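Engineer: Structure in structure tokens, see below.
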Amino acid sequence: MVAPKKSLGQNFLRDENIARKIVEHLGLQRDDIVVEIGPGQGALTKHLIATGAEAIAVEIDERAVAMLKETFGSTIAIISSDVLVVDLGELREKYGRPLHVVGNIPYYITSDILFWLFEHRRNVTDATIMVQLEVARRLTASPGTKDYGILSVFCQFYAKPKFLFRVSSNCFYPKPSVESAVVRLDFPREIPPIDDRLFRTVVRGTFGKRRKTLFNGLRFLGFEEQDLKKVEYDLAKRPEELSLHDFLALVRRLEPYTNEKVLSTFST
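Residue numbers (my numbering): 753 to 1020.
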């Protein structure tokens, strides 16, 4: 067996019932293509193969790659790589249909993997992932709650998140210091038409000044005060009060007053 490597954030799933439950939630059919992120010791992998779907494992740990090849042989395709450089568009083109994604996500790169999924959303029908409980709550949070923030708005813009179930820290080796949860992200074929760069900038900028009003947060981003006074929106509100629909409405009203200074506040 492969020993967990701390530098890779490895906490291997050891509970068979949880592994089986995750795969059941995928609802895979025989002709489906499923991409597993970081299979490690293969706790999920064997259940994925048992569904009859075509499984692709993406694993950065060469020790785990060798073990997976020895254990599963030709029943699974293995990509030895950092998942963040894998092009899901190329995989979709190769296999001729959209992908399902599953994985027990290392805590330290959760945000990176989520945004990688958002960028590849046109190639993925859904993702069922295990994350830190706190992150799962943030992904599915409603406006006005303490967990609602940047990640909530972005996730609910690019996907339809659903909290599936909690997972005890006792189900892993080594045992992490926090609880986990499994969430499912369903990616719609289309997202609302919006200036994506401006949308990301406004959400990040206003939540960066969470206790401030929208007016103050937008001034920080570089919008001119006289322009903000022309915007037909209640800028006395705070960002945590706004739903995704509200943010989209706000961004559309801000478009005529946007300048390069605003858009260059954040790199993406």
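Every residue, glycine too, gets a C-beta built ideally from N, C-alpha and C. Just so you know, these numbers come straight off a predicted model, no measurement behind them.
Would Val853 be called buried (16 or more neighbouring beta carbons within 10 Å of its own) or exposed?
Structural biologist: buried
Engineer: Starting from Lys846, trace the alpha helix (DSSP H) in both directions and tell me its first and last residue.
Structural biologist: 840-847
Engineer: Would you say the region 916-935 touches the region 884-902, given that touching needs at least three Cβ pairs under 8 Å?
Structural biologist: yes
Engineer: Quick check: the Cα distance between Val835 and Glu776, rounded to an integer number of angstroms?
Structural biologist: Their backbone Cα atoms lie some 23 Å apart in a straight line.
Engineer: What is the residue span of the beta strand (DSSP E) that Arg936 lies within?
Structural biologist: 932-938
Engineer: One question on the structure: do Ile946 and Tyr910 come within less than 8 Å of each other, judged by their Cβ atoms?
Structural biologist: no
Engineer: Beta-carbon separation of Leu1006 and Val954 under 8 Å?
Structural biologist: yes
Engineer: Whether or not the region 795-811 and the region 896-905 are in contact is what I'm after, with contact meaning three or more pairs of Cβ atoms, one per stretch, closer than 8 Å; do they touch?
Structural biologist: no
Engineer: Please state whether DSSP places Leu916 in a helix, a strand or coil.
Structural biologist: Three-state result, Leu916: strand.
Engineer: Determine the extent of the beta strand (DSSP E) in which Asn856 is found, giving its start and end residues.
Structural biologist: 851-856
Engineer: Counting pairs of beta carbons, one from the region 815-827 and one from the region 871-886, are three or more of them closer than 8 Å?
Structural biologist: no
Engineer: What do you get for Glu788, buried or exposed, if any count of 16 or more other CB atoms within 10 angstroms of its CB means buried?
Structural biologist: buried
Engineer: Pick out whichever of Thr958, Pro926, Phe975 has its Cα sitting closest to the Cα of Lys999.
Structural biologist: One detail in the question is off: residue 999 reads as Phe in this sequence, not Lys. Of the listed residues, the one whose Cα sits closest to Phe999 is Thr958.
Engineer: If Ile785 sits next to Glu806, beta carbons under 8 Å apart, how far is it from one beta carbon to the other, in whole angstroms?
Structural biologist: 5 Å
Engineer: Would you report the Cα separation of Lys964 and Asn922, rounded to the nearest angstrom?
Structural biologist: 40 Å
Engineer: Tell me the rounded alpha-carbon separation between Ser833 and Tyr859.
Structural biologist: 18 Å
Engineer: Below 6 Å CB to CB, which residues in the same chain sit around Thr862 once its five sequence neighbours on both sides are set aside?
Structural biologist: Val883, Val887
Engineer: Ignoring anything shorter than 3 residues or poking outside the region 779-850, list the beta strand (DSSP E) runs there in chain order.
Structural biologist: 785-789, 806-811, 829-832
Engineer: Are there 16 or more other CB atoms within 10 angstroms of the CB of Gln793, so buried, or fewer, so exposed?
Structural biologist: buried
Engineer: Measuring CB to CB, does Leu937 end up less than 8 Å from Leu869?
Structural biologist: yes
Engineer: Just list the beta strand (DSSP E) runs in the region 880-926, keeping only unbroken ones of 3 residues or longer that don't cross its boundaries, in chain order.
Structural biologist: 912-919
Engineer: Please classify Asp986 as buried or exposed, where buried requires at least 16 other C-beta atoms within 10 Å of its C-beta.
Structural biologist: exposed
Engineer: Which value, in whole angstroms, describes the spacing of the CA atoms of Ala771 and Glu976?
Structural biologist: 53 Å
Engineer: Phe972 and Leu980 look like a contact to me (Cβ under 8 Å); what is the Cβ gap, rounded to whole Å?
Structural biologist: Actually they do not touch by this definition, with Cβ atoms about 11 Å apart.
Engineer: Relative to the alpha-carbon of Ala988, which residue among Ala1001, Leu970, Glu768 has its alpha-carbon at the smallest distance?
Structural biologist: Leu970
Engineer: Just curious, the alpha helix (DSSP H) that Gly957 is in, first and last residue?
Structural biologist: 948-959
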